[in-house]
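What follows is a single structure, written as C-alpha cells, with notes after it.
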Amino acid sequence: MSKRIIGSTPKQDGYRMPAEFEAQDQVFMIWPERSDNWRNGGKPAQEAFSNVAAAINQFTPVTMLVSRAQYQNARYQLPEEIRVLEMSNNDSWVRDCGPTFIINDKGEIRANDWAFNAWGGLVDGLYFPWDQDDLVAQKVCELERVDSYRTSDFVLEGGSFHVDGEGTVLTTEMCLLSEGRNPHMSRVGIEDMLKSHLNVEKVLWLGDGIDPDETNGHVDDIACFVAPGEAACIYTEDTNSPFYEAAQDAYHRLSEMTDAKGRQLKIHKLCCPIKNVTIKGDFKIDSVEGTLPREDGDICIASYMNFLITNGGVIVPQYGDENDALALRQIQEMFPDKEIVGVNTVEIVYGGGNIHCITQQQPSA
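Mapping of the sequence shown onto the working numbering: residues 153 to 517, in sequence order.
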C-alpha cells in the first residue's frame with residue numbers, strides 16, 4: 153500500500169533527502185514524444201534518451217515510464233534489462249514532476265510529491281495542460297509502495313535544488329522566488345518548506361540561473377554538491393558567453409558560503425562549452441497553442457553541470473564541443489572514485505533540458 157501522509161512533515165517524522173552521491177536503488181526516466189517540443193516527432197530525442205538510459209544502466213537499474221502510444225516503440229529501442237512501464241505523461245522531465253525520495257535511519261523510504269505547474273503555470277509555464285505530469289509522482293509512489301507527502305499549495309521542481317545530505321540545500325532566487333510558483337509565500341516561508349520537507353537547516357541562495365525562459369533558472373545547470381563540504385560550479389572568463397554573468401556571480405557567492413556544518417565550501421570549477429548550441433532553421437516541431445515555440449537562433453542551455461551522479465558513475469552531457477574532453481577531466485577530478493561517462497545530449501538540449509532534468513534517482517534506504 154501507498155498512502156498520503158497528512159498533518160506531518162518529513163523532518164517531524166525523521167526523514168531526510170540524501171545527497172545524489174549517496175547510494176541509489178534505481179533511476180526513473182520518462183520517454184519523450186511531444187511533437188511540439190521534440191523535433192522530427194521526437195525520434196532523435198528518443199535515441200539520445202536511450203543512450204542516456206544505457207549509460208546509467210551500467211551502474212544503476214533504470215525504469216523508463218512511457219505512454220500507451222509509445223510503449224512498443226520504447227520497449228523495442230531500449231536494452232532489454234531496462235524496465236519499461238506504461239504511464240501517462242505530458243512530457244519527459246521526471247526530475248521536475250517525479251517524486252523527491254527521502255529516507256530515515258531505519259532503512260525506510262518515503263517521498264515528497266510537490267505540486268507541478270510546468271515551470272510557472274499560467275504566468276509563464278511552458279505548456280498546458282500539465283495535469284498528467286502532476287500525477288507522475290503519486291503514480292511512482294504507488295508503483296514502489298512508498299508513502300508520500302503531497303504539497304498541494306507549494307510548487308517545486310526537483311531540478312531547482314540540490315542537497316548535500318548533511319543539512320544544506322542549494323537553490324536560486326530566480327526560480328524559487330518567481331511569480332509563477334508560490335507568489336503567496338515569502339522567502340522565509342519558502343525556506344521553511346525546504347527545511348521541513350528536505351530536513352535541512354541551511355538554505356544557500358544563488359542569484360540567477362542560466363535559463364530564465366525555460367525553468368526560471370534551475371540550479372542544476374549551474375551548481376551542485378559533489379561531496380560533503382564540496383560543490384561544483386560552472387565557470388567561464390569569456391565575457392561573450394551567454395552564461396558569463398550568472399556563472400561568475402554563482403562562483404563568487406559559493407566561494408563565500410559555509411554549509412550547515414559550518415564548513416567553508418571547497419568549490420570546483422566546471423568549464424562551459426566554447427560554442428553556443430543554437431536552434432537552427434531546419435528545426436521541425438509542431439506548432440501548438442500554449443507551448444513555447446522554438447525559434448531560429450535561440451541559444452540552448454548547454455551546460456556540462458547537468459550531469460547525473462549515480463552509484464559508481466557520473467553521466468555527463470557532451471555537445472561535440474572543443475571543451476567536451478576538458479569537462480570530463482574536470483568532473484573526473486571531482487569524483488576520483490567514479491567512472492565518468494559522456495553522452496551526446498544535443499537533442500535533449502534542443503528540448504529544453506539535459507541528463508539531470510530527465511532523470512530522478514530513488515535512493516537506497
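Beta carbons: idealized from backbone N, C-alpha and C, even for Gly.
Rounded to a whole number of angstroms, what is the C-alpha to C-alpha distance between residue 274 and residue 489? 45 Å
Taking the alpha-carbon of residue 412 as reference, which of 200, 431, 381, 419 has the nearest alpha-carbon? 381
State whether the region 461-470 contacts the region 329-345, with contact taken as three or more CB pairs (one from each stretch) at a distance under 8 Å. no
In its own chain, which residues sit with a C-beta less than 6 Å from the C-beta of residue 357, not counting the 5 before and 5 after it? 325
Which residue's Cα is closest to the Cα of residue 215: 183, 224, 194? 183
Distance CB(residue 544)-CB(residue 263) smaller than 8 Å: Limits of the chain in this structure are 153 at one end and 517 at the other, which puts residue 544 out of reach.
Cβ separation of residue 308 and residue 169, assumed to be a contact under 8 Å, to the nearest whole Å: That belief does not hold up - the Cβ atoms of residue 308 and residue 169 are roughly 12 Å apart, past 8 Å.
Assigned secondary structure, residue 387 (DSSP; H/G/I helix, E/B strand, else coil): coil
Determine the direct distance from the alpha carbon of residue 367 to that of residue 293, and round the result to whole angstroms. 25 Å
Contacting residues, own chain, Cβ-Cβ under 6 Å from residue 440 (five flanking each side not counted): 188
Is the number of C-beta pairs between the region 281-289 and the region 228-245 that are closer than 8 Å three or more? yes
Can you find the residues in the same chain that come closer than 8 Å, C-beta to C-beta, to residue 492, ignoring five residues on each side of it along the sequence? 465, 466, 468, 480, 483, 484
Pick from 153, 164, 154: whose alpha carbon is nearest that of residue 346? 164
With respect to the alpha helix (DSSP H) encompassing residue 349, which residues constitute its N-terminal and C-terminal limits? 339-350
How would you write the range of the beta strand (DSSP E) that residue 376 sits in, first residue to last? 375-379
DSSP beta-bridge partners of residue 370: Bridge partners of residue 370: none, in fact.
Under the three-state DSSP convention, the category residue 404 falls into: helix
I'd like to know whether the C-beta atoms of residue 384 and residue 336 end up nearer to each other than 8 Å. no
Does residue 503 come within less than 8 Å of chain B when only Cβ atoms are used? No chain B is part of this structure, which consists of one protein chain only.
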